[in-house]
Structures are given as structure tokens and as C-alpha cells.
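Residue numbers (the numbering used here), protein chains in the order written: chain A, 1 to 190; chain B, 191 to 380. The beta carbon of each residue, even a glycine, is placed where N, CA and C say it ideally should be. Here is the structure we will look at.
Number of protein chains: 2
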Amino acid sequence: MTRWEPNARGRLQLAALELYSERGYDQTTVSEIAKHAGLTERTYFRYFADKREVLFFGTGMLQERLVQGIIAAPEGKPPLDMVGASLEAAAEPVEEIRDFSRRRQAIVAANPELQERELSKLAALTAALTDALRGRGLADPAARLTAEAGMAVFKVAYQRWVDEADDSGETLAQLIRQSLAELKTVAAAG
Amino acid sequence: MTRWEPNARGRLQLAALELYSERGYDQTTVSEIAKHAGLTERTYFRYFADKREVLFFGTGMLQERLVQGIIAAPEGKPPLDMVGASLEAAAEPVEEIRDFSRRRQAIVAANPELQERELSKLAALTAALTDALRGRGLADPAARLTAEAGMAVFKVAYQRWVDEADDSGETLAQLIRQSLAELKTVAAAG
Numbered sequence: 001m002t003r004w005e006p007n008a009r010g011r012l013q014l015a016a017l018e019l020y021s022e023r024g025y026d027q028t029t030v031s032e033i034a035k036h037a038g039l040t041e042r043t044y045f046r047y048f049a050d051k052r053e054v055l056f057f058g059t060g061m062l063q064e065r066l067v068q069g070i071i072a073a074p075e076g077k078p079p080l081d082m083v084g085a086s087l088e089a090a091a092e093p094v095e096e097i098r099d100f101s102r103r104r105q106a107i108v109a110a111n112p113e114l115q116e117r118e119l120s121k122l123a124a125l126t127a128a129l130t131d132a133l134r135g136r137g138l139a140d141p142a143a144r145l146t147a148e149a150g151m152a153v154f155k156v157a158y159q160r161w162v163d164e165a166d167d168s169g170e171t172l173a174q175l176i177r178q179s180l181a182e183l184k185t186v187a188a189a190g
Numbered sequence: 191m192t193r194w195e196p197n198a199r200g201r202l203q204l205a206a207l208e209l210y211s212e213r214g215y216d217q218t219t220v221s222e223i224a225k226h227a228g229l230t231e232r233t234y235f236r237y238f239a240d241k242r243e244v245l246f247f248g249t250g251m252l253q254e255r256l257v258q259g260i261i262a263a264p265e266g267k268p269p270l271d272m273v274g275a276s277l278e279a280a281a282e283p284v285e286e287i288r289d290f291s292r293r294r295q296a297i298v299a300a301n302p303e304l305q306e307r308e309l310s311k312l313a314a315l316t317a318a319l320t321d322a323l324r325g326r327g328l329a330d331p332a333a334r335l336t337a338e339a340g341m342a343v344f345k346v347a348y349q350r351w352v353d354e355a356d357d358s359g360e361t362l363a364q365l366i367r368q369s370l371a372e373l374k375t376v377a378a379a380g
């Protein structure tokens, strides 16, 4: 019997975040996450392939938005600025979940398995971004370099954004813009 | 009884490469690798922590050389050029093992577990490079952005170097120089 559950995905994400924070990732089972969310294990696996994926739904969303941003970018814009603008647009829905993102990052940072999954997701994102840039007529190796440079900007900005010690009240979009400007300065110095 | 075996590490690396190529990574055991190299499993584990590490000895070497390059770089050089020069110097011993590197890359590309380990190693390398740049007085976020940009240059250059379809006879050092110049062009366009 399958019944529709309102916002099952969100409830599972929140339950996982809570249990992974409180008990630790290794000490938590999928069955416990489902129970904590008031759902069944079967429902969990309808949304997430394994115990790790529940923490990476956002990366998939980010990738989709980023690729859409490149596809929709105006003609004639320099590729790296295209990527910068798409990153800022993709960051918009993330701004609202800063506390969630910080707690999630702390869980990922504490577990090598989760770090590996995060790196895989970022590599897939970089590949998708490279393809989108090729689709806009950018040749290789410029397409891949632009994508890698854009992801470097994003990683640095995101890390600052989730780092409470570094909290200057700036939005993720602002930090992306600053990091992009900084990268240009770094590259122009040579 | 432990006896000294000449070039045990190199023999194990070559044996692993051969068996992983012929039989596949999943179908090969550490015991088979050791036997193929004329050594014992115990000797294998003296050099490598697990079945994957045998393919990543080079990354550790690269990291050491890269960090040494940053430490020894002349004063007053722009940081990204410091990284470029260190990457070229670190690439030098790699030039001689292009065929080995191509076979190794094919094995890594065919196995998600190995890809994850590769991404972890590259992330560790980026972190070490960031630290080395901080040690040379570069502040954050410039240090991390410079390291990430340098690693982007290296990844693109290395991928071209191991890609037989893209083989233009250039050395890894030449491809690193080209990629760095291309990154500067990309960053200057905005």
C-alpha cells in the first residue's frame, strides 16, 4: 500500500540531518531516519538511493539550475561571467537554508565516506557545466578550464558562507561575486 | 622472516597495473598482485595500506614536489605563476611514465571506487597547496583560490596528456604552461 505523504522528501532530509547530528552518521540507520520522519523505509528508498544521498539532494538541484543558467545566458557575455551569473542565480534558493547548510556541512566534514560522495557530486557538476559551456560554442580546453575555474569560485565562496567563524553577514551571491573578482585578480597578476 | 627485496614497491605497482588491466580491478586480489610480483602479501601491506593505494603512490610524490616548489619559489613572483612553475617541476619525473600513466588512468576511469580515491587525493593536494601558499604569506581567500585555480590547470593539462586521441606530442610541462595561459585568457575576458 502506497499512500501520498506531504513533503516526504523534506521530512526525510530534516530527520536525517537531526539524527546524523545527534548520533553520528555511522550510528544511524535508514530505518531510524524513516521512523523519525513518520515514514517507512520503503518511502525513503523511493526518494534516495542510499544512506548518503539524503544529504546530496541539493547538489542535484544546484546542477540543474547552473546548467539552465548557462543555456539561458545572453549571447556575447564572456564565458566565466556567464558561469558567475549562473552560480549567483543557482545560489538564490540556497540563501534561505544557511543554518541547514551549516549543519549539513559539519556532518559531511566529519565523515570520509560523505566527503568522497561530495567530491564525486562536485566532479559531476563540473562535467555538466563543461558540457553546457560546450553547448554554448566554447571549445576545449577553454570549456573545461572555465568550468573548473567557476567551480573553484563556488567552492571557496560556499566554504566561507557555511563557516560561522568567517561570518561577515554576506550572502552566498555576494561571496560568489567577491571570489570571482579575486580569481580574476589572481590570474591577472602573472 | 623479512628480507630485503629490490624495488619491491615498483614491482608491486607494475603487477597491480597488469592485473587490474587484464582481469579488472574488482576481480584482482592483493594476494594475486603480490604473487605476480614475486612477493608476499605482507610485503604488499608494508608499502600500501589497501588495494587502491598501489595506484596512488604518484599523487603523494606529486604533492611533496609541489609543496617543495612553493617553499623554494623565488620572492616576488606572482602566486599563480609560482604554482605554475612548481607544477611544471613536479611534472618532470612523470614525463617518463606516460604509457604507465595512460594505463593507470584507464583503470581509474573504469571504477567508481578508484575515481573517488583519486578525487580525495586531489582534494588533499589542493589543501596542501593552499597551506604552502599561506606559508608564503598569501592571505585567504586568495591562497585557496590560487591553489584551486592551479589544480584546475593541472587537471586539464594532465587529462590532455593521458588522452591518446588528443596526443599532439606535447610534454606535460608544455600542456601545463598552455593551460595556465588559457586560464589567464579566460579570466581576463570578463
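If you drop the 5 nearest sequence neighbours on each side, which residues of the same chain put their C-beta closer than 6 Å to that of residue i?
i, result
"A:Trp161", "Leu172, Leu175"
"B:Ser276", "Leu256, Gly259, Ile260"
"B:Glu285", "Thr361, Leu362"
"B:Val346", "Ser369"
"A:Phe48", "Val54"
"A:Gly84", "Leu180"
Whose C-alpha, out of the options, is nearest the C-alpha of residue i?
i, options, result
"B:Arg294", "B:Ala227, B:Ala198, B:Arg236, B:Thr249", "B:Thr249"
"A:Pro93", "A:Ala73, A:Glu64, A:Gln115", "A:Glu64"
"B:Arg201", "B:Tyr348, B:Lys225, B:Tyr215, B:Asp216", "B:Lys225"
"A:Glu113", "A:Leu14, A:Tyr25, A:Ala72", "A:Tyr25"
"A:Asp163", "B:Thr316, B:Gly325, B:Pro331, B:Arg292", "B:Pro331"
"A:Arg52", "A:Asp81, A:Val108, A:Glu170", "A:Val108"
"B:Ser369", "B:Pro196, B:Gly340, B:Gly228", "B:Gly340"
"B:Phe247", "B:Val273, B:Asp271, B:Ser291", "B:Ser291"
"B:Arg213", "B:Ala317, B:Asn301, B:Ala262, B:Ala318", "B:Asn301"
"B:Leu204", "B:Val273, B:Ala342, B:Ile287", "B:Ile287"
"A:Val195", "A:Gly38, A:Pro6, A:Arg117, A:Asp81", "Outside the modelled stretch of chain A, which goes from 1 to 190, sits residue 195 of chain A, for which no answer is possible."
"B:Gly359", "B:Leu312, B:Arg236, B:Val273, B:Asp289", "B:Asp289"
Quick one: residues in its chain with C-beta nearer than 7 Å to the C-beta of residue i, no 5 flanking neighbours on either side, listed in chain order?
i, result
"B:Leu328", "Pro269, Thr336"
"A:Thr40", "Ala34"
"B:Val220", "Glu231, Tyr234, Lys241"
"B:Ala333", "Thr320, Leu323, Arg324"
"B:Asp271", "none"
"B:Gln349", "none"
"B:Glu195", "Leu229, Thr233"
"A:Ser21", "Arg103, Ile107"
"B:Glu338", "Thr316"
So is residue i buried or exposed if we call it buried at 16+ other beta carbons inside 10 Å?
i, result
"A:Phe154", "buried"
"B:Pro264", "exposed"
"A:Gly69", "buried"
"B:Met191", "Caution applies to B:Met191, whose pLDDT of 47 falls short of 50 and renders its modelled position unreliable; the value that the coordinates give is listed next. That one is exposed."
"A:Thr185", "exposed"
"A:Met61", "exposed"
"A:Glu182", "buried"
"A:Ala16", "buried"
"B:Gly325", "exposed"
"A:Ala234", "With chain A covering 1 to 190 only, the question about residue 234 of chain A has no answer from this structure."
"B:Ala342", "buried"
"B:Ala314", "exposed"
Under 8 Å Cβ to Cβ from residue i, same chain only, skipping five residues before and after it: list those, please.
i, result
"B:Leu209", "Thr218, Glu222, Ile223, His226"
"A:Gln115", "Val108, Ala109"
"B:Ala279", "Arg255, Gly259"
"A:Ala128", "Gln63, Leu66, Val67"
"A:Leu122", "Thr59, Met151, Lys155"
"B:Arg367", "Gly274, Glu278"
Checking contacts by CB at 8 Å: is residue i closer than that to chain C?
i, result
"B:Val376", "Of the protein chains in the structure, A and B, none is chain C."
Kindly provide the ranges of any alpha helix (DSSP H) runs that are 4 or more residues long and lie completely inside the region 53-136 of chain A, ordered along the chain. 57-72, 79-91, 98-109, 112-135
What beta strand (DSSP E) runs, 3 residues minimum, are completely inside the region 140-186 of chain A? none
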